[in-house]
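In numbering that gives the first Met the number 0, the protein residues as written are 0 to 470. Contents: one structure, followed by commentary.
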Amino acid sequence: MPERTLLCGWGRTAPTRACVLAPEVADDVQRALAHADARGTVARGLGRSYGDAAQCAGGVVLDMRSLAGIGDVDQVTGEVDVGAGASLDSLVRATLPSGWFLPVTPGTRQVTVGGAIAADVHGKNHHVDGSFAQHVAGMTLATPTGLRRIGPSSDPELFWATAGGMGLTGVVTEARVQMLRVETDQMLVDTDRFVDLDGVMAAMEHGDADYRYSVAWVDCTAALGARRSGHTGRAVLTRARHAARDDLPPPDRHRAPSPPPSTWLRAPRRVPPHLLHTLSIAAFNEAWYRRAPRHRTTELQSMWRFFHPLDGVADWNHLYGPRGFLQYQFAVGPGEGAVVAAVISELADRRIPSFLAVLKRFGPSAPGPLSFPVPGWTLALDMPIGPPALRACLDGLDEAVAAAGGRVYLAKDARLRPELLDTMYPRIGELRTVRRRVDPEGVLRSDLSRRLGLDRGLDRGLDRGLDRVGD
Ligand SMILES: Cc1cc2nc3c(=O)[nH]c(=O)nc-3n(C[C@H](O)[C@H](O)[C@H](O)COP(=O)(O)OP(=O)(O)OC[C@H]3O[C@@H](n4cnc5c(N)ncnc54)[C@H](O)[C@@H]3O)c2cc1C
């Protein structure tokens, strides 16, 4: 066995050691599952989940990045066969020149297809197009009981439990993804600035249906002062659609869509522990808000600026310093907008700084029992580790979210208490049933599954009480 490697998520909060294997073909994955030891095995993509989902303390982590082949896009149907370790960045580089874009993209292209399926990721178009797995026509899944070809109509229980199942039903080795036809690499963007949260939420409720993509950036650091004058937060709403050829200036109309530029900046690996604190975050948010136009329509923006503004800077998560950071993302129903306001106010009251929070509207859920999106609102906030009140504050917010019938996003989570999981994900029993069928020995496990008690009922005496094997 190779040496154990220290692994962490994007938030860099809970590193643990595991033996990392890098399979090159699906059979290697199958062999690794067959020889898994008592601590279990889980797949890892590009480690962009924020918490401990792609870690397995003391066990085996399968680094899937070598299974990265990309087939030719079927120019009629838009379907493409992709290795699960291929990144969305490499996929879009391969397909965009012939006019095919990602059907759903998270805020970064640096995630693998396997990671996008396992978290059933969403983008700014969830209210129109749903989540990533809803654009997967089929996939190959390596399970401890064999390699299976599954799809929405062939073993749908296993397919949908895998979509959002955080790697706990098997290891995706390859998937057929339905791409989206586009004419250009440009977006037509409308931008509006709002002095408070009520205004932006009303605009999203009434206007989002007219746009394929919509996202609001909310300045939470402005919440306290603004609340004194009867408002909560302020926001910039950007909504967009893909530009057609005729929307471009004549010289650009016949140019083929260009792939994204390479990363142009790398954040330093070592920064002082308090580089990002209340004042610097507030100053950044202020500058960003002032820069946005009050109202602008049909601005041409490159896809990369619109979808992935953070991808220009590699390793930006290191800017939060050695203690790392958390992302708190939750979803609540359409009538629960007050929870969004309450969360922002609570963080402001407790003086917990947060970079621009991202507010979106979700459309109908996917069929998966653990797929995160539920119709309504979702808010995501990045927070540096440090404020003493942080943990207790987030525990309280969890209670409020659960009481409103909402849930937190497991791909972002590093700290949820297990007792709330069944309330937030009431269909979790369906995942357990599927896991018992395809993984009766309980081989597939992760730090997240142990922390949240997702393995309950599957234990079969395998755990030896080793909890964290960190540094
Ligand atoms: C800057 C940034 C912006 C983001 N924006 C969004 C967003 O807008 N919307 C959104 O939904 N998410 C977003 N995310 C979260 C990210 O999309 C998910 O966490 C995604 O799962 C990360 O993919 P990955 O390849 O890095 O997987 P990892 O983080 O390595 O793993 C994530 C999970 O997928 C499982 N997994 C990985 N590969 C496989 C495989 N081949 N087979 C089975 N299971 C596998 C792992 O076991 C783990 O449970 C964002 C993350 C970052 C850092």
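C-beta: ideal position from N, C-alpha, C; glycine also. Note that the coordinates shown come from a computational prediction; the quantities given were computed from them, not determined experimentally.
Residue i, buried or exposed, once every other Cβ within 10 Å from all chains shown has been counted against 16
i           : result
residue 256 : buried
residue 130 : buried
residue 204 : exposed
residue 269 : exposed
residue 2   : exposed
residue 152 : exposed
residue 432 : exposed
residue 410 : buried
residue 133 : buried
residue 266 : exposed
residue 201 : exposed
residue 16  : buried
residue 125 : buried
residue 75  : exposed
residue 297 : exposed
residue 279 : exposed
residue 415 : buried
residue 229 : Confidence in residue 229 is poor, its pLDDT being 48 and thus under 50, which makes the residue's placement unreliable; the coordinate value appears in the next sentence. Label assigned to residue 229: exposed.
residue 444 : buried
residue 108 : buried
residue 26  : exposed
residue 451 : buried
Which of helix, strand or coil DSSP assigns to residue i
i           : result
residue 370 : coil
residue 145 : strand
residue 9   : coil
residue 294 : strand
residue 55  : coil
residue 471 : Missing from the structure shown is residue 471; the chain here goes from 0 to 470 and no further.
residue 82  : strand
residue 29  : helix
residue 475 : Outside the displayed range of the chain (0 to 470) lies residue 475, so it cannot be described from this structure.
residue 247 : coil
residue 434 : helix
residue 62  : strand
residue 116 : helix
residue 111 : strand
residue 289 : helix
residue 377 : strand
residue 457 : coil
residue 4   : strand
residue 35  : coil
residue 49  : coil
residue 104 : coil
residue 74  : coil
residue 132 : helix
residue 255 : coil
DSSP bridge partner residues for residue i (one or two, in chain order)
i           : result
residue 213 : 238
residue 383 : 324
residue 283 : None, per the DSSP bridge assignment.
residue 312 : 264
residue 406 : 330
residue 301 : 185
residue 173 : 82, 139
residue 180 : 99
residue 167 : Answer is none; residue 167 lacks a bridge partner.
residue 69  : 81
residue 443 : 40
residue 150 : 153
Segment limits, alpha helix (DSSP H) that includes residue i
i           : result
residue 203 : 196–206
residue 92  : 87–94
residue 399 : 389–402
residue 446 : 446–450
residue 125 : 125–128
Start-to-end residues for the beta strand (DSSP E) that takes in residue i
i           : result
residue 40  : 40–43
residue 20  : 15–20
residue 120 : Careful: residue 120 lies outside any beta strand (DSSP E) and carries neither H nor E.
residue 192 : 185–193
residue 419 : From DSSP, residue 419 is part of no beta strand (DSSP E); its letter is neither H nor E.
residue 361 : 356–361
residue 156 : That residue, residue 156, is in no beta strand (DSSP E); its alpha helix (DSSP H) goes 155–161.
residue 24  : First-last for residue 24: undefined, no H or E at that position.
Residue i: CB within 8 Å of a non-hydrogen atom of ligand 3
i          : result
residue 41 : Ligands in the displayed structure: ligand 1; ligand 3 is not one of them.
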